[in-house]
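Enquirer:
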């Protein structure tokens with residue numbers, strides 16, 4: 002090996018150590034870059050030159066070269082923030098962001114400094130859209146494919162389809178009314194004088210300013226339900242303690258009457274006193290029935306449950322019974338004539354039969370009346386705005402008999418009280434704030450009081466994340482050597498969880514970088530001496546001819 006080769010060997014060392022110093026400089030420069038992953042450089046020797054020696058052949062090295070340069074994906078520390086769209090990944094994985102200007106062009110990042118843009122998309126500082134799954138509000142499960150996360154600024158109204166009302170009805174109240182259970186009908190004459198007594202149904206008179214006097218019932222509870230436009234309507238349930246007799250035995254029961262404001266009852270025929278006087282006086286009555294309790298005070302049966310159904314043959318509402326006096330779901334007309342089981346009679350469509358999807362009795366409301374055609378004129382042929390609402394007293398039908406739920410209406414020797422009430426509808430609202438949890442679920446908080454799960458953030462990981470390509474802006478791109486992304490929900494398939502209201506700091510260790518800086522500096526100085534010494538030796542060689 003000649004002296005010239007020594008010069009090139011020293012040069013290779015300078016070049017390699019210069020790359021190493023560049024890596025240190027890049028790491029130090031990004032000490033405060035969010036989620037930055039410091040890089041590490043490694044060197045290897047250059048293929049040796051074989052020479053013959055007295056002991057055999059040997060190899061002389063030809064210097065050093067840059068072998069590998071790759072990021073270190075150790076996790077950085079977390080910094081807490083007040084921004085609800087700041088997210089950090091605790092563990093493995095990357096956020097997925099798409100460039101909206103190039104459909105399907107995906108990038109990957111650990112930088113979770115996100116914001117909501119003017120179109121409602123969750124984006125990073127460069128405007129790339131964060132990816133995730135839409136969450137089904139009803140089930141809480143993710144739906145569809147991974148797509149751009151777009152936060153709904155408004156919450157559309159949802160009409161009520163289920164009412165939960167759990168009360169305690171005083172067992173010690175005096176019962177001065179006895180109802181005759183031998184009659185099938187409670188409408189017409191029988192509703193006025195059942196065994197010389199008057200039922201709650203018979204007491205109700207919508208032509209009066211107060212349809213039901215305070216002396217006609219023992220307890221009432223009210224709640225609001227919503228129609229499809231998000232308008233609230235007050236529903237009131239009245240209770241009265243009575244005795245029920247079949248002529249032989251008598252047992253204590255509670256009447257219940259479900260009502261709405263008569264002025265808001267827009268069911269066809271209920272506002273026509275000339276042609277339908279009976280319906281007119283019963284405006285606002287949605288359901289009537291009896292509750293029977295066992296000896297422990299738990300509700301054990303529905304009896305004689307009535308409501309109005311739409312008679313398609315006569316184009317009018319008809320009083321029907323949906324639970325008979327034995328507590329069995331059965332559709333009959335007001336006279337007790339059997340029509341059909343559940344939802345196949347002329348009085349009901351398949352969606353508003355005797356029992357709802359949850360096996361609760363269904364009442365029918367119409368708060369909107371006849372729909373209006375697009376030309377602004379009333380369209381008599383338009384579908385009526387029937388609103389079926391399931392009524393849950395903590396009691397349901399399992400296909401054979403009625404069964405009590407864990408929380409149910411009771412009849413204890415205690416004051417009247419409403420233990421719990423709820424309904425699943427709501428009016429329109431606007432977004433007030435959002436929040437994320439450690440499962441990556443983004444939840445919206447709306448002005449209508451609704452808390453709605455909106456999106457699930459998607460994460461991705463790679464078999465060889467060190468082989469990802471850096472493209473700037475804290476972004477990485479998939480390469481052949483990294484392998485394809487494996488996507489999933491946070492906390493699954495080896496992916497990390499989400500740390501909300503947090504950002505990940507750089508994982509660069511400044512002390513370590515200073516040590517490497519010193520090592521590279523001294524190595525560079527030594528390699529430089531190789532060049533200067535080799536140059537001096539060449540100068541001596543040239544001087545030999547003088």
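Numbering (the numbering used here), first residue to last: 2 to 547. Using N, Cα and C, we set each Cβ at its ideal position, and we do this for glycine too. Model, not experiment: these values are computed from the prediction.
Give the secondary structure of residue 239 by DSSP, where H, G and I count as helix, E and B as strand, and everything else as coil.
Expert: Note: residue 239 maps to strand in three-state DSSP.
Enquirer: Between 328, 324 and 395, which has its C-alpha nearest residue 359's C-alpha?
Expert: Ranking the options by Cα distance to residue 359, first place goes to 395.
Enquirer: Quick check: residue 8 and residue 499, are their CB atoms within less than 9 Å of each other?
Expert: It is not a contact, given that the beta carbons lie outside the stated cut-off.
Enquirer: Where DSSP assigns a beta bridge to residue 522, which residues make up the other side?
Expert: Residue 522 is not bridged to any residue.
Enquirer: May I have the straight-line CA-CA distance separating residue 373 from residue 90, to the nearest angstrom?
Expert: In this prediction, residue 373 has a pLDDT of 47, which is less than 50 and means its spatial position is unreliable; what the coordinates show is noted afterwards. The alpha-carbon atoms of residue 373 and residue 90 are separated by roughly 52 Å.
Enquirer: DSSP has residue 27 in a bridge; who is on the other side?
Expert: DSSP lists no partner for residue 27.
Enquirer: By a C-beta neighbour count over all protein chains shown, 10 Å radius and 16 as the cutoff for buried, is residue 127 buried or exposed?
Expert: With fewer than 16 Cβ atoms within 10 Å of its Cβ, residue 127 is classed as exposed.
Enquirer: With 16 other CB atoms within 10 Å as the buried threshold, where does residue 516 fall?
Expert: That one is exposed.
Enquirer: Mind checking which residues open and close the beta strand (DSSP E) that includes residue 1?
Expert: A question about residue 1 goes unanswered here, because the residues of the chain that appear run from 2 up to 547.
Enquirer: Are the CB atoms of residue 266 and residue 272 within a distance shorter than 9 Å?
Expert: Yes, they are a contact pair.
Enquirer: Three-state secondary structure (DSSP) at residue 202?
Expert: Three-state result, residue 202: helix.
Enquirer: Would you please state the rounded distance, in angstroms, between the beta carbons of residue 235 and residue 225? I believe it to be under 8 Å.
Expert: The pair is a contact, with the Cβ atoms about 6 Å apart (cut-off 8 Å).
Enquirer: Going residue by residue through the segment 406-487, where are the continuous beta strand (DSSP E) segments of at least 3 residues, counting only ones entirely within it?
Expert: Within the segment 406-487, the complete beta strand (DSSP E) runs of at least 3 residues are 418-424, 430-437, 442-447, 452-458, 460-462, 470-473 and 476-478.
Enquirer: Would you decide whether residue 52 is buried or exposed? Buried here means 16 or more other CB atoms lie within 10 Å of its CB.
Expert: Exposed, because fewer than 16 other Cβ atoms sit within 10 Å of the Cβ of residue 52.
Enquirer: I'd like the span of the beta strand (DSSP E) that includes residue 81, first residue to last.
Expert: Residue 81 -> beta strand (DSSP E) spans 79-81.
Enquirer: Could you tell me which of 504, 528, 540 and 509 sits nearest to residue 79, measuring between CA atoms?
Expert: Ranking 504, 528, 540 and 509 by Cα distance to residue 79 puts 504 first.
Enquirer: With DSSP as the reference, label residue 380 as helix, strand or coil.
Expert: Caution applies to residue 380, whose pLDDT of 44 falls short of 50 and renders its modelled position unreliable; the value that the coordinates give is listed next. Residue 380 falls in the coil class under three-state DSSP.
Enquirer: If distances are taken between C-alpha atoms only, which option among 485, 523 and 286 comes closest to residue 200?
Expert: It is 286.
Enquirer: Judging by CA-CA distance, which residue of 475, 240 and 536 is the nearest neighbour of residue 552?
Expert: With the chain running from 2 to 547 in the structure shown, residue 552 is simply not present.
Enquirer: Measuring alpha carbon to alpha carbon, tell me which residue in 240, 147 and 66 is nearest residue 105.
Expert: Considering only alpha carbons, the answer is 147.
Enquirer: Here's a check: name, in chain order, each residue in its chain whose Cβ is nearer than 8 Å to the Cβ of residue 429, leaving out the five neighbours to either side.
Expert: Only 155, 156, 157, 158, 231 and 449 meet the Cβ criterion.
Enquirer: How close, in whole Å, do the beta carbons of residue 141 and residue 454 come, if the pair is a contact with beta carbons under 8 Å?
Expert: Between residue 454 and residue 141 the Cβ distance is about 6 Å, and since that is below 8 Å, they are a contact.
Enquirer: Does the Cβ of residue 482 have 16 or more other Cβ atoms within 10 Å, making it buried, or fewer, making it exposed?
Expert: Residue 482 is exposed by the Cβ-count criterion.
Enquirer: Residues in its own chain within less than 6 Å of residue 43 by CB, not counting five upstream and five downstream?
Expert: Counting only Cβ-Cβ distances below 6 Å, and skipping sequence neighbours, we find 68 and 69.
Enquirer: For residue 355 and residue 324, what's the separation of their Cα atoms in angstroms?
Expert: Approximately 8 Å, taken between the alpha carbons.
Enquirer: Going by beta-carbon coordinates alone, are residue 99 and residue 115 separated by less than 9 Å?
Expert: No, the Cβ-Cβ distance between residue 99 and residue 115 is not below 9 Å.
Enquirer: Using three-state DSSP, classify residue 45 as helix, strand or coil.
Expert: In the structure shown, residue 45 sits in a strand (DSSP, three-state: E or B).
Enquirer: Rounded to whole angstroms, what's the CA-CA distance from residue 193 to residue 168? Just pull it up for me.
Expert: Only weak support exists for where residue 193 lies, its pLDDT of 41 falling under 50; the coordinates are left without a value.
Enquirer: Classify residue 412 as buried or exposed, calling it buried when 16 or more other Cβ atoms lie within 10 Å of its own Cβ.
Expert: Burial call: buried.
Enquirer: Residues bridged to residue 389 by DSSP?
Expert: Answer by DSSP bridge pairing, in chain order: 365.
Enquirer: In three-state terms, what does DSSP make of residue 20?
Expert: Helix at residue 20.
Enquirer: Can you give me the C-alpha to C-alpha distance between residue 13 and residue 523, rounded to a whole angstrom?
Expert: Using only the alpha carbons, I get a separation of about 15 Å.
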